[in-house]
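Engineer:
Number of protein chains: 2
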Amino acid sequence: MAKYKRGRSIAPFARRDVIFDMNAFSYRVEALQPSAIREILKFTADPSVISFAAGNPAPEAFPVEEIKRITNEILTETPIDALQYSVTEGYAPLRQWIRDDLTKKNMLGKDDEVVITSGAQQAIEVATKEICNEGDVIICEAPTFIGSLNAFRSYNAKLVGIEMEEDGINTDKLERALQKYHRVAFIYLIPNFQNPTGITMSLEKRKKVIELARKYNVYILEDNPYGDLRFAGDDLPTIKSMDTTGNVIYAGTFSKVLAPGLRVGYMCAPSNVIAKAVVCMQVSTVHTSILPQMIAYRFVTENDFEEHIHGLKEIYRKKSDLMLGKLKMTMPKSIKFTEPEGGLFIWGTLPDGDMNYFCKKAVKNKVAVVPGNAFLVNENAPCLSFRLNYSTPTDEQIEKGVDILAEVARDFYR
Amino acid sequence: MAKYKRGRSIAPFARRDVIFDMNAFSYRVEALQPSAIREILKFTADPSVISFAAGNPAPEAFPVEEIKRITNEILTETPIDALQYSVTEGYAPLRQWIRDDLTKKNMLGKDDEVVITSGAQQAIEVATKEICNEGDVIICEAPTFIGSLNAFRSYNAKLVGIEMEEDGINTDKLERALQKYHRVAFIYLIPNFQNPTGITMSLEKRKKVIELARKYNVYILEDNPYGDLRFAGDDLPTIKSMDTTGNVIYAGTFSKVLAPGLRVGYMCAPSNVIAKAVVCMQVSTVHTSILPQMIAYRFVTENDFEEHIHGLKEIYRKKSDLMLGKLKMTMPKSIKFTEPEGGLFIWGTLPDGDMNYFCKKAVKNKVAVVPGNAFLVNENAPCLSFRLNYSTPTDEQIEKGVDILAEVARDFYR
Chain A
1 MAKYKRGRSI
11 APFARRDVIF
21 DMNAFSYRVE
31 ALQPSAIREI
41 LKFTADPSVI
51 SFAAGNPAPE
61 AFPVEEIKRI
71 TNEILTETPI
81 DALQYSVTEG
91 YAPLRQWIRD
101 DLTKKNMLGK
111 DDEVVITSGA
121 QQAIEVATKE
131 ICNEGDVIIC
141 EAPTFIGSLN
151 AFRSYNAKLV
161 GIEMEEDGIN
171 TDKLERALQK
181 YHRVAFIYLI
191 PNFQNPTGIT
201 MSLEKRKKVI
211 ELARKYNVYI
221 LEDNPYGDLR
231 FAGDDLPTIK
241 SMDTTGNVIY
251 AGTFSKVLAP
261 GLRVGYMCAP
271 SNVIAKAVVC
281 MQVSTVHTSI
291 LPQMIAYRFV
301 TENDFEEHIH
311 GLKEIYRKKS
321 DLMLGKLKMT
331 MPKSIKFTEP
341 EGGLFIWGTL
351 PDGDMNYFCK
361 KAVKNKVAVV
371 PGNAFLVNEN
381 APCLSFRLNY
391 STPTDEQIEK
401 GVDILAEVAR
411 DFYR
Chain B
1001 MAKYKRGRSI
1011 APFARRDVIF
1021 DMNAFSYRVE
1031 ALQPSAIREI
1041 LKFTADPSVI
1051 SFAAGNPAPE
1061 AFPVEEIKRI
1071 TNEILTETPI
1081 DALQYSVTEG
1091 YAPLRQWIRD
1101 DLTKKNMLGK
1111 DDEVVITSGA
1121 QQAIEVATKE
1131 ICNEGDVIIC
1141 EAPTFIGSLN
1151 AFRSYNAKLV
1161 GIEMEEDGIN
1171 TDKLERALQK
1181 YHRVAFIYLI
1191 PNFQNPTGIT
1201 MSLEKRKKVI
1211 ELARKYNVYI
1221 LEDNPYGDLR
1231 FAGDDLPTIK
1241 SMDTTGNVIY
1251 AGTFSKVLAP
1261 GLRVGYMCAP
1271 SNVIAKAVVC
1281 MQVSTVHTSI
1291 LPQMIAYRFV
1301 TENDFEEHIH
1311 GLKEIYRKKS
1321 DLMLGKLKMT
1331 MPKSIKFTEP
1341 EGGLFIWGTL
1351 PDGDMNYFCK
1361 KAVKNKVAVV
1371 PGNAFLVNEN
1381 APCLSFRLNY
1391 STPTDEQIEK
1401 GVDILAEVAR
1411 DFYR
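Residue numbers (the numbering used here), protein chains in the order written: chain A, 1 to 414; chain B, 1001 to 1414.
#1: State the Cα-Cα distance for the pair Ala1055/B and Ile1346/B, rounded to the nearest angstrom.
#2: Among Ser51/A, Glu396/A, Leu83/A, which residue has its Cα nearest to the Cα of Glu39/A?
#3: Who pairs with Trp97/A in a beta bridge, going by DSSP?
#4: Check whether the Cβ atoms of Lys1173/B and Ile1162/B sit closer than 8 Å, and answer yes or no.
#5: Apply the 10 Å Cβ neighbour rule to Tyr357/A and answer buried if 16 or more other Cβ atoms are within range, or exposed otherwise.
#6: Taking Cβ to Cβ, would you say Ala1036/B is nearer than 8 Å to Thr1044/B?
#7: For Pro1382/B, count neighbouring Cβ atoms within 10 angstroms of its own Cβ and tell me buried if that reaches 16, exposed if not.
#8: Please confirm whether Gly261/A has its beta-carbon closer than 8 Å to some beta-carbon of chain B.
#9: Measuring alpha carbon to alpha carbon, tell me which residue in Lys1208/B, Tyr1219/B, Thr1253/B is nearest Leu1102/B.
#10: Can you find at least 3 beta carbon pairs, one from the segment 148 to 161 of chain A and one from the segment 204 to 216 of chain A, that sit closer than 8 Å?
#11: Give the interface partners of Gly311/A over in chain B, defined as CB-CB distance under 8 Å, in chain order.
#12: Unbroken beta strand (DSSP E) runs of length 3 or more, entirely within the segment 245 to 301 of chain A: which are they?
#13: In angstroms, rounded to a whole number, what distance separates the CA positions of Met1001/B and Asn217/A?
#14: Applying the criterion that 16 or more other CB atoms from any shown protein chain within 10 Å of the CB defines a buried residue, is Gly1401/B buried or exposed?
#15: Starting from Leu189/A and walking both ways along the beta strand (DSSP E), at which residues does that stretch end?
#16: Can you tell me which of the three DSSP states Ile1220/B falls into?
#17: Tell me whether Leu1405/B sits in a helix, a strand or coil according to DSSP, three-state version.
#18: Given this structure, state the Cα-to-Cα distance separating Lys1104/B from Val1115/B, to the nearest angstrom.
#19: Below 8 Å between beta carbons is the criterion; list the residues of the segment 1207 to 1241 of chain B that meet it against any residue of chain A, in chain order.
#20: Mind listing the chain A neighbours of Ala1151/B? Cutoff is C-beta to C-beta under 8 Å, in chain order.
#21: Asp403/A: which of Asp46/A, Phe193/A, Lys328/A sits nearest, CA to CA?
#22: Return the residues of the segment 121 to 148 of chain A that lie within a Cβ-Cβ distance of less than 7 Å from chain B, sorted by chain order.
#23: Output the distance between the C-alpha atoms of Tyr1390/B and Val1278/B, rounded to the nearest integer angstrom.
#24: Looking at chain B, is there any beta carbon in it that lies within less than 8 Å of the beta carbon of Phe299/A?
#25: Could you spell out where the beta strand (DSSP E) holding Thr349/A opens and where it closes?
#26: Beta-carbon within less than 7 Å of Leu1312/B's beta-carbon, same chain only, minus the 5 sequence neighbours each way: which residues are those?
#27: Could you tell me the distance, in whole angstroms, from the CA atom of Ser320/A to the CA atom of Glu339/A?
#28: I want to see whether chain A comes within less than 8 Å of Gln1084/B, judged by CB atoms only; does it?
#29: Roughly how many angstroms lie between the CA atoms of Leu1189/B and Asn195/A, to the nearest whole one?
#30: Using CA atoms only, rank isn't needed, just tell me which of Pro79/A, Ile70/A, Met22/A, Glu30/A is closest to Ala1259/B.
#31: Name the chain A residues whose beta carbon is nearer than 8 Å to that of Glu1252/B?
#32: Could you tell me whether any Cβ in chain B is nearer than 8 Å to the Cβ of Pro93/A?
#33: Starting from the N-terminal side, write out each stretch of the alpha helix (DSSP H) that is 4 residues or longer and does not extend beyond the segment 70 to 146 of chain A.
#34: Considering just the uninterrupted stretch of the alpha helix (DSSP H) at Asn1356/B, what are its terminal residues?
#35: Mind listing the chain B neighbours of Lys419/A? Cutoff is C-beta to C-beta under 8 Å, in chain order.
#36: At 9 Å on the CB atoms, spell out the chain B contacts of Ser496/A, in chain order.
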């Protein structure tokens, strides 16, 4: 009897002649590695390292006093509700607030429902679990968010990355991929201030992708964690708001507009997709931790939430301006940087040379950035880019860090 | 080109000739239904219905004032830590406390590690995702916890239920199943005050199952949510404490000893299993909500946690005594009830007749219990049992509810 080696690309349960191997993991996760960013972040445990590698909101963006007041009120007024088991769908008042907010933004389709998740990441994982069979194709922007790539990998999806242009995904190549692959579960898109590139998809391309989703009968998974954090340029409608045919599954979150440690996000999608997502959550987290949901609800209703978001935009606009200005002033002109209109990230691209070596030299000189290949479907593909974050470092760290990076770059291209 | 219909038992990704069907779900979850208990719980939304159907801790078991004080301290002293992104492994001080606690209980193997999860349910789901390939066998007690059954189903495990006896799983039948099935991912066991039966596995059987796990080279997934809530009889060592060979994955939780709404549980297992679990969690919840983790940590360290648990045991002992006494007094002798030494549940078994009809009559008369077939691998298998919970109802509700149930029973066996 053959000993079954896990991690193969064939369906193991078609094989009845193999023995279970306790020393291996399921073929889903056998090859799954911790996020490469985590490896970089290890260097940043050294306090002398300036980290442009994280994706954390600025600590000064947290409304600490207000959250403290609210939490105290909740635990005074309705402590049992905050501590007892709750419903998987999410805290009813918060769910209703989200529905109302999405309605205001013209995003709630008439058959749409909402489930509250442990961050947008859980919405992405659950959507994959319920929609994508092993071997189904997921088309995504290249590069894209590594947490989503790994969620897709953890269900053995076949990943197809489509080149990013200045105005978003190359829609001609997207259509060719839709023609080529017949079992596409969904197209994964981050239209606003994309992670990692900071690029925003143009209105024309938004219209084009929803048209393609309809034509080829596939879902779009629209991930919009930074959408509210636009500090320049004009608002663009979400893809979800253009969806009249139930093709869009939307992932939103309070992580970037309130606090990520709370782990409160949501999925908005056609009611049958939400109903199945609820069943998936019943068997994983049962429900999103209820006190954080109640905190989020009171915060958005008892405060001027728009004013709060306005304040956040100011913080990020300033930090982005500071980093971009500094980069332009000090870095060799041959290194190009995106100029995001919101969000948390800038994408730098070297003219040539060994990007990974450049990143290693940077971290040796006490500045951490994320090598761009971490965000690719194939991490070994050639890549000249790297990701910079301006939300987490202080202004002083931004100035000093870019100076160091410029020195490394000048030395690199000497 | 054939339209692929999802929900089939063959590997769909072996079929390259099929088109993606947007109107179906992945074959993992296509057939997955909401927990049958949830359907019962719908009746209990009617406030005139006395519910013995839930599994919630008694509201009076929550240390409300202490949690309020602690939470206020956290948000005063270290608010940013409570709101910012955290590490997937869990809040380091709580993780260390759990390690120390398990060490005290002789449960932490020398290669073991701990990850903090969103309740024990997430530990169970993640263990399944990382260990169990589609079509692998999971052996469990019959009946067993429906949330776990559905987690296993959501990864297309083949479920094999082994009959429960008064002293736990039938180990002869367990061994025969291990001989018969060669790809057993793990044996799922709830050794203490099992949900739904309230049965506790004997020391002999605990020794036997770990011996069988070693002999057949499979994992045991030991789920122990109620272990600390023993109010009668003598403590028995956990299976994990007898594990010298890394065969046991242990799921623990603060849900029943502190508050389930916090969603704080943990998995303790060999370090390679934990490392892969961490990667799985990175792509789902990223990390367990951090404020609840900090609350749990301060609670267990700043209070006399043993004294707190002692208080809980008293609550449940009284409620269990009340319900069992009342059942013995009023119910027809032909209906048998287990006498749990801890936990939250009693298991009733009718001598004959239509158990589902009995449960329906009960709910019509305003008392909800859970039909036992909900806890079976095959929900359509014959079943004469039902589950009663004594932790959630008040004393008055227990007395009144059992009176009604007895009336229904007398009418039923008239």
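Quick reminder that beta carbons are idealized off the backbone N, C-alpha and C, glycines included.
Structural biologist: To lay it out plainly:
#1: Correcting the residue identity first, residue 1055/B is Gly in this sequence and not Ala. So the two alpha carbons sit approximately 11 Å from each other.
#2: Cα-wise, what sits closest to Glu39/A is Ser51/A.
#3: Paired residues: none, contrary to the question.
#4: In contact: Lys1173/B and Ile1162/B (Cβ atoms closer than 8 Å).
#5: It is exposed - the Cβ of Tyr357/A has fewer than 16 other Cβ atoms within 10 Å.
#6: Against a cut-off of 8 Å, the Cβ pair of Thr1044/B and Ala1036/B comes out as no contact.
#7: By the neighbour-count rule (16 or more Cβ atoms within 10 Å), Pro1382/B is not buried but exposed.
#8: Yes, Gly261/A counts as interfacial toward chain B.
#9: Taking the Cα of Leu1102/B as reference, the smallest distance to any Cα among Lys1208/B, Tyr1219/B, Thr1253/B is reached at Thr1253/B.
#10: No, because fewer than three Cβ pairs between the segment 148 to 161 of chain A and the segment 204 to 216 of chain A fall closer than 8 Å, the two stretches do not touch.
#11: Going along chain B, no residue has its Cβ under 8 Å from Gly311/A, so there is no contact; the nearest lies around 16 Å.
#12: Runs found: 248 to 253, 265 to 270.
#13: Unreliable placement is indicated for Met1001/B, whose pLDDT of 28 sits below 50; no coordinate value is reported for it.
#14: Buried: at least 16 other Cβ atoms inside 10 Å.
#15: 184 to 189 is the extent of the beta strand (DSSP E) around Leu189/A.
#16: Reduced to three states, the DSSP call for Ile1220/B is strand.
#17: Looking at Leu1405/B - three-state DSSP - the assignment turns out to be helix.
#18: About 18 Å.
#19: Here the close residues are Asn1217, Val1218, Tyr1219.
#20: Taking the beta carbon of Ala1151/B as reference, the chain A residues within 8 Å of it are Val283, Ser284, listed in sequence order.
#21: The candidate whose alpha carbon is nearest that of Asp403/A is Lys328/A.
#22: Listed by position along the chain: Gln121, Gln122, Glu125, Lys129, Glu130, Ile131, Cys132, Asn133, Glu134, Gly135, Asp136, Gly147.
#23: Between Tyr1390/B and Val1278/B, the C-alpha separation is close to 36 Å.
#24: Look at Phe299/A: its C-beta is not under 8 Å from any C-beta on chain B.
#25: Taken as a continuous stretch (DSSP letters only), the beta strand (DSSP E) holding Thr349/A covers 345 to 349.
#26: Cβ within range, chain order: Ala1061, Leu1229, Val1257.
#27: Those two C-alpha atoms are separated by around 9 Å.
#28: Chain A, which has a Cβ nearer than 8 Å to the Cβ of Gln1084/B, makes this yes.
#29: Between the alpha carbons of Leu1189/B and Asn195/A lies a gap of roughly 42 Å.
#30: It is Pro79/A.
#31: First, the residue type needs correcting, since residue 1252/B is Gly and not Glu in the sequence shown. Neighbourhood of Gly1252/B in chain A, by CB distance below 8 Å: empty, with the nearest CB roughly 15 Å away.
#32: Pro93/A has a beta carbon lying at 8 Å or more from every beta carbon in chain B.
#33: Correct list: 79 to 83, 92 to 104, 119 to 131.
#34: Run containing Asn1356/B: 1355 to 1364, per the alpha helix (DSSP H) assignment.
#35: This structure cannot settle anything about residue 419/A, because the visible part of chain A is limited to 1 through 414.
#36: Because chain A is modelled from 1 through 414, residue 496/A falls outside the range shown and cannot be assessed.
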